[in-house]
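Protein chains: 2
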Amino acid sequence: MANDSIKIGVIGGGQLARMMVPPAIHLGLRISVLAEAAGMSAARAADAVGDYRDPETVYAFAETVDVITFDHEHVPGEILRELEARGKQVHPRPDALQFAQDKILMREKLEELGVPVPAWAKVADEAALQNFIDAHGGRAVVKTARGGYDGKGVRVVSEAAEVRDWFTALAEDARGGFLLVEELVDFVRELSQLVARRPSGEIRTWPVVETIQRDGVCAEVLAPAPVQHASTLDEAAEIGLKVAEGTGVTGVLAVEMFETRDGRVLVNELAMRPHNSGHFSIEGSVTSQFENHIRAVADLPLGDTSMTRPAAVMVNVLGGPSEGTMLARYQQALAEHPAAKVHSYDKQSRPGRKVGHVTVTGADLETVRAAAVAAAAVFE
Amino acid sequence: MANDSIKIGVIGGGQLARMMVPPAIHLGLRISVLAEAAGMSAARAADAVGDYRDPETVYAFAETVDVITFDHEHVPGEILRELEARGKQVHPRPDALQFAQDKILMREKLEELGVPVPAWAKVADEAALQNFIDAHGGRAVVKTARGGYDGKGVRVVSEAAEVRDWFTALAEDARGGFLLVEELVDFVRELSQLVARRPSGEIRTWPVVETIQRDGVCAEVLAPAPVQHASTLDEAAEIGLKVAEGTGVTGVLAVEMFETRDGRVLVNELAMRPHNSGHFSIEGSVTSQFENHIRAVADLPLGDTSMTRPAAVMVNVLGGPSEGTMLARYQQALAEHPAAKVHSYDKQSRPGRKVGHVTVTGADLETVRAAAVAAAAVFE
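Next comes the structure, spelled out in structure tokens:
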């Protein structure tokens, strides 16, 4: 890379790409985005529009930048390996990213690393699935190995026939394949550990946070996670480091975990990019997940991840006002909640859609949470 | 303005325009910049390039946005009045902006408002100037009424002949005019009060800060200003409010003041835009000057201006590394100063040029200042 400019290319034009732009502006790094369609959330930075599944589109975009990173995990690994073969920096590297792209590879890797996970199996047919269900209390969680997010590609079932459509689709796929089935974990809450890791191996972690999901979608994040058993948070942090080092991730990694009723911590999902559980860090941390992600992928030293104030709570705006964008409610929301940091992804409202979020920071988690919930509620 | 989008147009492509972009992205407001030249600091947002002194260029740019604001005060008032006549929102309005464009109008307005200023006069020839100098201790500060900034257009003189070139230039200008002469104030330090004001009249102020100048250019800002006499800071804050209301400014106003050895506060300069003395607010305040500026010009409610931590210190990077941009020193600077927030304006180094700044926040002003000075020094 030239000494007087580093240009980062982000594949995917959603809000994660959008939120990488402000720290790039402040640091004087150049950033451009390959968006799936015109008018997406990161349009401010979108210099190119095209299909990330088309190799030539991706190769042409890569020619215009120094390093490639991602807004999502859906770019096919073979395209990314070809980019590396052509000498392009790609972060996370495809050998790491596969563990976030394929949930079965992820489960196998986590077991290899000795990281606690729910009981699981890969199943190729209804009989195998039914055996697992019967052996684990009569209900289980079934997931497609690829393509799921925000509760999509996930079903809780008691009969194998409830995912017959997924088995049919697998049978029609020339690559064949398996579904992932997991025990239904009896958890008391969910935790997330964010980690940033550079190609050089330098690592920084943010405090473990508690995430509150509704209908399989992140609704609130409490940072730091309230202490119930100190050892649980320490264990969650250790798991985050172990996964970052074991997978060789570069950029930001989010490790989502269950805290079980009997005090165990089990890894649920991995994401190798900035993650909804880290949005609090824009105001809540000295260095946000977005800034450390771009520092990491540009192989620059990572910033301090301390909290700026003792507590930060982020509340997602899901759906948004009945028409238009969040802007339709700004007069009320900003007047009533001057201390709330309001983020709009400039998306049209749609039931359940993540159209923005609100973060409040302060001295006390309960006060801050009430303020963030109230401010976000103006947009519902 | 439509309910689902507000597009802000910024005239001028410098670092102030550049730093308006991140809060616009977070709030989901659209922003575009009319830059003087391609490749300027705000290039990320520069949708147009052209001369702001050319009326048709400005009118065409204004057609593409909902509201016009500024990176500098140099757009001719007659162009802005025509924009208003055409029904365009312009903030600050030309009737307010004139007090930041013309230092003689500014002095007259401040006197009318009863705001303390240094002894001054407008002088049309060397004889009048020499009379003022002789009556004020044999030395005085002479300023051109228009076009000065960062020490340019300002000379400390003891003989009127030292500004003969300026009088000659005035004589050649068909509009004629005056130079401004002021007593040389015996000050102990300089203060700045930032104020944001909406068209509706809503006002918010940040804490009064101390600014430290070197060679007429801002070098450091201490926020909040250390208390020497509490009444002095209160008076500075009152002056800020009086000037904001008295001039009818919309957007951010910076009032730069001298604190004199005998305990008075005198207004030195006004700026009607985000100002170098407010850069600390990006990390140091719940709502930065850049966010409240765009909220104000879009007539949205203003955000909380409280400090996020007890102290913030900003240190300018003046000149930059001997070649290239600040990026050439990022490996060292970011590794040694992980808690420093480094801002590069993506400008090539040049002696004395403002190419970026560093801000550190924390519990204690002295510690924070030492850290910010050390981090900025890596770029010298």
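Which chain is which? The protein sequence lines are P and V, in order.
Residue numbering for the first sequence is 63 to 442, as defined by the numbering used here.
Residue numbering for the second sequence is 63 to 442, as defined by the numbering used here.
Where a beta carbon is used, it is the ideal one built from N, C-alpha and C, also for glycine.
None of these values were measured; they are calculated from a predicted model.
State buried or exposed for P:Thr429, treating a residue as buried only when at least 16 other CB atoms are found within 10 Å of its CB.
P:Thr429 should be labelled exposed.
P:Glu125 classed as buried or exposed, judged by whether at least 16 other C-beta atoms fall within 10 angstroms:
It is exposed - the Cβ of P:Glu125 has fewer than 16 other Cβ atoms within 10 Å.
According to DSSP, is V:Trp268 helix, strand or coil?
Coil at V:Trp268, not helix or strand.
C-alpha gap between V:Gly418 and P:Glu245, whole angstroms
Each residue's alpha carbon lies about 53 Å from the other.
If P:Lys69 and P:Val127 are in contact, beta carbons under 8 Å, what's the gap, nearest whole angstrom?
Rounded, the Cβ-Cβ distance is 5 Å, consistent with contact.
Alpha-carbon spacing of P:Val219 relative to P:His136, whole angstroms
Answer to the nearest angstrom: the Cα atoms are 26 Å apart.
Can we say the segment 265-279 of chain P touches the segment 247-255 of chain P, given the rule of at least three CB pairs closer than 8 Å?
Counting Cβ pairs under 8 Å, three or more are found: they touch.
Please identify, using Cβ separations under 7 Å, the residues of the segment 392-404 of chain P that lie next to chain V, in order along the chain.
The residues in question are Tyr392, Gln393, Leu396, Ala397, Pro400, Ala401, Val404.
Excluding the five sequence neighbours on either side, which residues of its own chain have a C-beta within less than 8 Å of the C-beta of P:Val440, listed in chain order?
Closer than 8 Å at the Cβ level, and outside the excluded window around P:Val440, lie Arg391, Gln394, Ala395, Glu398, His399.
So for V:Phe441, helix, strand or coil by DSSP?
DSSP places V:Phe441 in coil when its eight states are reduced to three.
As a quick exercise: from V:Glu188, V:Leu78, V:Gly209, V:Ser347, pick the residue whose alpha carbon is nearest that of V:Glu224.
Answer by Cα proximity: V:Glu188.
Taking DSSP as the reference, what is the three-state secondary structure of P:Ala64?
Because the pLDDT of P:Ala64 is 44, which lies under 50, any placement of that residue in the model is unreliable, and the question is left without a value.
Thinking C-alpha only, which one of P:Glu170, P:Ile87, P:Ala222 is nearest P:Asn193?
Out of P:Glu170, P:Ile87, P:Ala222, P:Ala222 has the C-alpha closest to the C-alpha of P:Asn193.
Are the CB atoms of V:Arg208 and V:Asp164 within a distance shorter than 8 Å?
It is a contact, given that the beta carbons lie within the stated cut-off.
When you compare the CB of V:Thr312 with every CB in chain P, is at least one pair closer than 8 Å?
Not an interface residue.
Complete runs of the beta strand (DSSP E) confined to the segment 391-424 of chain V [at least 3 residues]
Residue ranges of uninterrupted beta strand (DSSP E) with 3 or more members, entirely inside the segment 391-424 of chain V and ordered along the chain, are 403-406, 416-424.
At which residue ranges does the segment 326-404 of chain V contain complete beta strand (DSSP E) runs of 3 or more residues, listed in the order of the chain?
DSSP runs (the beta strand (DSSP E)) wholly in the segment 326-404 of chain V: 327-333, 373-380.
Please tell me whether P:Ala432 and P:Thr421 are closer than 8 Å, where the distance is taken between their beta carbons.
Their beta carbons are not under 8 Å apart, which means P:Ala432 does not touch P:Thr421 by this criterion.
Would V:Leu159 pass as an interface residue toward chain P - the criterion being a Cβ-Cβ separation below 8 Å?
Chain P contact via Cβ: absent.
Closest to P:Gly365 by CA distance: which of P:Ile166, P:Asn330, P:Gln160, P:Arg260 is it?
Out of P:Ile166, P:Asn330, P:Gln160, P:Arg260, P:Arg260 has the C-alpha closest to the C-alpha of P:Gly365.
By Cβ distance below 6 Å, which residues in the same chain neighbour P:Met63 in space, the five residues on each side in sequence not counted?
Any reading at P:Met63 must be qualified, since the residue scores a pLDDT of 42, below 50, and its modelled position is unreliable; the value itself is stated next. Excluding positions up to five away in sequence, the list reads Asp128.
Below 8 Å on the Cβ atoms is my guess for P:Gly325 versus P:Thr294; work out the distance and round it to an integer in Å.
Contact holds; Cβ gap of about 7 Å.
Chain P residues whose Cβ lies nearer than 7 Å to that of V:Val83
Those within 7 Å of V:Val83 in chain P are Ile87.
So within the segment 143-219 of chain V, which uninterrupted beta strand (DSSP E) runs reach at least 3 residues, ignoring any that extend past its ends?
Whole beta strand (DSSP E) segments, 3+ residues: 182-185, 202-206, 216-219.
Of all the CB atoms in chain V, is at least one closer than 8 Å to the CB of P:Met376?
Interface with chain V (8 Å Cβ-Cβ cutoff): P:Met376 is excluded.
Flag P:Leu328 as yes if its beta-carbon sits less than 8 Å from any beta-carbon of chain V, otherwise no.
False, the Cβ-Cβ gap to chain V never drops below 8 Å.
Would you kindly work out how many angstroms separate the C-alpha atoms of P:Gln77 and P:His405, rounded to a whole number?
Rounded to whole angstroms, P:Gln77 to P:His405 spans 10 Å at the Cα level.
Is DSSP giving P:Phe240 helix, strand or coil here?
Reduced to three states, the DSSP call for P:Phe240 is coil.
Can you give me the start and stop residues for the beta strand (DSSP E) that V:Glu255 sits inside?
Residue identity differs from the one stated: residue 255 of chain V is Gln in this sequence, not Glu. Segment 249-259, the beta strand (DSSP E) holding V:Gln255.
Near V:His198, which residues of its chain fall below 6 Å by C-beta distance, leaving aside the five closest residues on each side in sequence?
So the list reads Glu245, once near-sequence residues are dropped.
Which residues bound the beta strand (DSSP E) around P:Ala281?
In this chain, the beta strand (DSSP E) harbouring P:Ala281 covers 279-285.
Distance cutoff 8 Å, beta carbons only. Does P:Arg80 sit that close to anything in chain V?
So yes, P:Arg80 belongs to the interface.
Going by DSSP, name the residue or residues bridged to P:Met319.
Paired residue(s): P:Leu253, P:Val329.
Which same chain residues, not among the five before or five after P:Leu284, have their C-beta less than 7 Å away from its C-beta?
For P:Leu284, where only same-chain residues beyond five positions count, the Cβ hits under 7 Å are Val271, Glu272, Val375, Leu427, Arg431.
Tell me the DSSP secondary structure of P:Thr294 in three-state form.
Of the three classes helix, strand and coil, the one that applies to P:Thr294 here is helix, per DSSP.
Buried or exposed (CB count within 10 angstroms, at least 16 for buried), V:Gln290
Exposed, because fewer than 16 other Cβ atoms sit within 10 Å of the Cβ of V:Gln290.
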